[in-house]
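Numbering (the working numbering), first residue to last: 1 to 417. Where a beta carbon is used, it is the ideal one built from N, C-alpha and C, also for glycine. Beneath this line is the structure, given in structure tokens, with notes to follow.
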Amino acid sequence: MTSSASDTAPATTPMWTRRGTAAYRRISVALFLAGFATFSLLYGVQPLLPAIAQAFGVSPAESSLALSLSTGMLAFAILGAGAVSSAVARRPLMGASMCAAAALNIVAALVPDWHALLVARAVSGFVLGGVPAVAMAYLAEEIEPPGLGLAMGLYVGGTAFGGMMGRIGISVLTEFMGWRAALICLGVIGLAAAAGFAALLPASRNFVPRRGQAWSDHVGHWAAHLRRPGLPRLFAIAGLLMGAFVTVYNYIGFRLVLPPYGLNQTQIGLIFTAYVFGIVSSAVAGALADRFGRWPVMVSGMVCMGAGLMLTCVAPLVGVVAGIVGLTFGFFVAHAVASGWVGRLAVGSKGHASSLYLLSYYLGSSVMGSVGGWFWGHGGWWPVAGFTLVLVGLALWSAWGLRHVDVARQPGATMGA
């Protein structure tokens, strides 16, 4: 595969990219950069919420809008991106989205007004919609099925790395330069990641454009995926687990700046090194799911999340940090498996299936992340932990119905079919 191949050349028989080839490595690195840019730009403001609340004189729940509006707009933009991606080449759409989001992150750092910052963050989330759904569809279309789990795991690992470095880097920079200069630096890094992505990603070989489709056609594709056995449960799991995960990371900083901890901005940012475990676990989970089955690996991740949430309730700081590590490890295990499972279960129009998964994923982040602020404001950390444990319990209940879903027995589970 070379980058000069047509992005829109139809393929009646899939020309899979096999694991271990040079093209496979290029795809993996390029999609790692896409995941890195998306999550660093999206979640870089998360550790800054206490500083932003102080700078603009808003409450913790109001400050969370700097993140929740971005993820909420992203959730709905993904539906449109999934529809547009059926007619537009994959690589240019993802590259343009990354560049626009990075530029808007710089704009958000420069505006003086709270509402203007919210507008810039909301638009940034909207334009990022061109990356996640299309990235998942690209992998499902191009990677040979036996290697899809690892490739999807590496992409999710990129999102974990972006989430970690965005949060840690911006926390350290804020300590020395202020939060506005830190946001500008993050935007510049996002532009560099977009350039690397465009240089590395090979053009699609199996993508067949479908121009001139009416919106009723897209609605039909989404409806078909919602009727597909197993897919609605995976969509629900995405929203519930992401809601729990983001709620903890949104408000743990507010807890740790208070006594008895009294941590500063840099120290709070270092808590996000827990994302290292997300990077490792997502790649490992994809490979384990290919070998041992998706359901047991995904459920194990959920159980690990629940144990981590309970640990965050202990008083010693080391216990709180251990709980965050457990939560992070378990979340990325479950997410890596679930996202790859969507690509295997979807029959045709994989971009539409990915968009539904990510709609639920980011709506969970937006809605639950802000609702968690109500629990923080009405009782502190224990209500927040209880709320997130309920979300994980509901995800486990949804996963129970997937225990007998076997992709090998699903007609049309691969693109060739």
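Reference residue i, options the options, closest by Cα
i, options, result
"A289", "G301, A77, V367", "G301"
"L74", "S124, A30, S349, R90", "S124"
"V405", "P296, L363, A307", "P296"
"L418", "P316, I279, A307", "There is simply no residue 418 to check, as the chain begins at 1 and stops at 417 in what is shown."
"H352", "I78, G72, E62, S40", "I78"
"A102", "S68, R90, A120", "A120"
"G330", "L391, F245, A198, L356", "F245"
"L41", "E142, S365, A193", "A193"
"A203", "L139, M177, P229", "L139"
"G190", "F32, Q265, G319, T266", "F32"
"L150", "A307, W374, V337", "V337"
"V219", "Y43, S355, I52, A55", "S355"
"I52", "G72, R90, L117", "L117"
"F332", "A22, T159, Q46, A100", "T159"
"Y43", "V367, G278, L186", "L186"
"G343", "Q54, A22, P132, W376", "P132"
Short CB-CB distance (under 7 Å) between residue i and chain C
i, result
"L49", "Although the question refers to chain C, the structure presented lacks it and comprises just one protein chain."
Where the alpha helix (DSSP H) through residue i begins and ends
i, result
"H335", "317–345"
"G386", "381–400"
"A203", "Where A203 is concerned, there is no enclosing alpha helix (DSSP H), given that its DSSP letter is neither H nor E."
"H115", "114–127"
"F254", "231–256"
"Y261", "No alpha helix (DSSP H) holds Y261; DSSP gives it neither H nor E."
"V371", "369–377"
"L110", "90–110"
"S28", "22–43"
"S282", "275–292"
"L49", "49–56"
"S366", "Element bounds for S366: n/a, residue is neither H nor E."
"S63", "60–63"
Strand pairing of residue i, partner residues [DSSP]
i, result
"I143", "T17"
Beta-carbon separation (whole angstroms), residue i vs residue j, contact threshold 8 Å
i, j, result
"G129", "S171", "Going by Cβ atoms, the distance from G129 to S171 rounds to 27 Å, so no, they are not a contact pair."
"I268", "G253", "5 Å"
"L402", "R233", "5 Å"
"C304", "G326", "6 Å"
"V134", "A81", "6 Å"
"A37", "G162", "6 Å"
"S64", "G373", "5 Å"
"T328", "Y275", "6 Å"
"M164", "T273", "7 Å"
"A109", "R180", "5 Å"
"M152", "S339", "6 Å"
Buried or exposed (CB count within 10 angstroms, at least 16 for buried), residue i
i, result
"W400", "exposed"
"H225", "buried"
"A223", "exposed"
"R409", "Any reading at R409 must be qualified, since the residue scores a pLDDT of 37, below 50, and its modelled position is unreliable; the value itself is stated next. Classification of R409: exposed, given that the 10 Å Cβ count is below 16."
"G20", "exposed"
"W16", "buried"
"P411", "Residue confidence is low: P411 scores 38 on pLDDT, short of 50, so the model does not pin down where it sits. No coordinate-derived value is stated."
"W397", "exposed"
"T13", "exposed"
"A34", "buried"
"A417", "Because A417 carries a pLDDT of 25, less than 50, the predicted location of this residue cannot be relied on, and the following value inherits that uncertainty. A417 is exposed by the Cβ-count criterion."
"W382", "exposed"
"H335", "buried"
"N250", "buried"
"F292", "exposed"
"Y261", "exposed"
"A346", "buried"
"S216", "exposed"
"N105", "buried"
"Q46", "buried"
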